[in-house]
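Have a look at the structure below before the remarks.
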Amino acid sequence: MTDDTPTSKPSSPRLIVIDGPAGAGKSTVARRLAEHFELPLLDTGAIYRTLALVARRRGIPWTDGAALGRLTVDFPISFKTLRDDSAAASSDDGSGTVRQQVHFAGEDVSVAIRTPAISEGSSRVSLHPEVREGLLGIQRALAAGGCVAEGRDMGTVVFPEARDKFFLTASLEARAQRRHAELASGDAEVELEEVLRDVERRDQRDQSRAAAPLVQAADAVVLDSSHLDIAEVVRRIIEIIETREA
Ligand code: DC
1 MTDDTPTSKP SSPRLIVIDG PAGAGKSTVA RRLAEHFELP LLDTGAIYRT
51 LALVARRRGI PWTDGAALGR LTVDFPISFK TLRDDSAAAS SDDGSGTVRQ
101 QVHFAGEDVS VAIRTPAISE GSSRVSLHPE VREGLLGIQR ALAAGGCVAE
151 GRDMGTVVFP EARDKFFLTA SLEARAQRRH AELASGDAEV ELEEVLRDVE
201 RRDQRDQSRA AAPLVQAADA VVLDSSHLDI AEVVRRIIEI IETREA
């Protein structure tokens, strides 16, 4: 049975894609949207991170595109979403109530993939066309039932057919400050200056690579979060999507 009332939800699985550079707030925005629309999250950066981690453990250099490409052929990655409904978790501090674990071959690698070394490795492995090609099918399969997908090339390469594409950006300083605050809320002790240099180096590499560089899709809505708080960015995105569906 088809439902052609104008307010009906899209008949194909709902796909919302968020691209943008490191520290623009994509993860928080994607998490909030996933909560709002009751969709799974697809953090594609976590897939590149896991590849970098597994390669390092197996002694495969981050520069060896062919070997890294072979590694993607059998790549048992999965995501597990945990909901925390406690009052503390739902406080309005931007943290949201959904947390995600990343598993590889049954092991929870969520913490191991967030180190500075693996951040650097993920950016390096992502340069290789063999890697990008190998991870394409994995990302599409994980998104098959609909999701909020975040990364660098969601709207341009992985899901070009998505209707709801957003490109989230912010000044280098604002993004470095956000990353620094995130790291400081964990155990890591890092200088703001070091985070700024790290973000700048990754930006440069992500934007200048030949294969699927970080660029905004022509049909993406661009939102600059330098002077907008994350809650406002989320509110605007929800409004845009709901207006399209009204
Ligand atoms: O979003 P993140 O910081 O976890 O991503 C880590 C690296 O992975 C990033 O520097 C570039 C790469 N990446 C990519 O090339 N394409 C994506 N869709 C997602 C991440």
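So that you can map any letter, position 33 of the sequence shown is 33 in this note's numbering, and since no number is skipped, the others follow by simple counting. All C-beta atoms, glycine included, are put in the ideal place defined by N, C-alpha and C.
> What are the start and end residues of the beta strand (DSSP E) that includes Ser78?
Replying inline: 77 to 83
> Skipping 5 residues on each side, what residues in its chain have a beta carbon closer than 6 Å to that of Val17?
Replying inline: Ala149, Met154, Gly155, Phe159, Ala162, Lys165
>> If the criterion is Cβ atoms closer than 9 Å, does the pair Ala206 and Arg179 meet it?
In response: At residue 206 the sequence reads Asp, which differs from the Ala that was named. Cβ distance not < 9 Å, so Asp206 and Arg179 don't count as in contact.
> Is it true that the segment 13 to 27 meets the segment 71 to 81, where meeting means three or more beta-carbon pairs spaced less than 8 Å apart?
Replying inline: no
>> Ignoring anything shorter than 4 residues, give me the alpha helix (DSSP H) runs that lie fully in the segment 26 to 62, in order along the chain.
In response: 26 to 37, 44 to 57
> Applying the criterion that 16 or more other CB atoms from any shown protein chain within 10 Å of the CB defines a buried residue, is Asp219 buried or exposed?
Replying inline: exposed
>> On the criterion of 16 or more Cβ atoms from any shown chain inside 10 Å, does Thr169 qualify as buried, or is it exposed?
In response: buried
>> So, at 7 Å on beta carbons, what are the nonlocal neighbours of Thr81 in its own chain, with the 5 sequence-adjacent residues on each side left out?
In response: Pro40, Leu41, Val98, Gln100
> Does the Cβ of Ser27 have 16 or more other Cβ atoms within 10 Å, making it buried, or fewer, making it exposed?
Replying inline: buried
> If we count the other Cβ atoms within 10 Å of its Cβ and call it buried at 16 or more, is His227 buried or exposed?
Replying inline: exposed
> If you count every other CB in all the chains shown that lies within 10 Å of the CB of Pro21, and 16 or more means buried, which is it?
Replying inline: buried
> Since Ala52 contacts Val125 with CB under 8 Å, what's their CB separation in whole angstroms?
Replying inline: 5 Å
> Nearest to Ala67 by CA position, among Phe167, His128, Asp108, Arg244, is which residue?
Replying inline: His128
> Leaving out the 5 sequence neighbours to the left and right, which residues in its chain are closer than 6 Å to Phe167 when beta-carbon positions are compared?
Replying inline: Asp19, Gly20, Gln216, Ala220, Val222
>> I need the straight-line Cα distance from Asp108 to Glu232, nearest angstrom please.
In response: 33 Å
>> Measuring only from the beta carbon, is Thr44 closer than 8 Å to any heavy atom that is part of the ligand DC?
In response: yes
>> Can you list, in chain order, the residues of its chain with a C-beta nearer than 6 Å to that of Ile118? Leave out the 5 residues immediately preceding and following it.
In response: Arg49, Ala52, Leu53
> Considering only C-alpha positions, which residue in the set Ala184, Pro116, Leu196, Gln204 is nearest to Arg152?
Replying inline: Gln204
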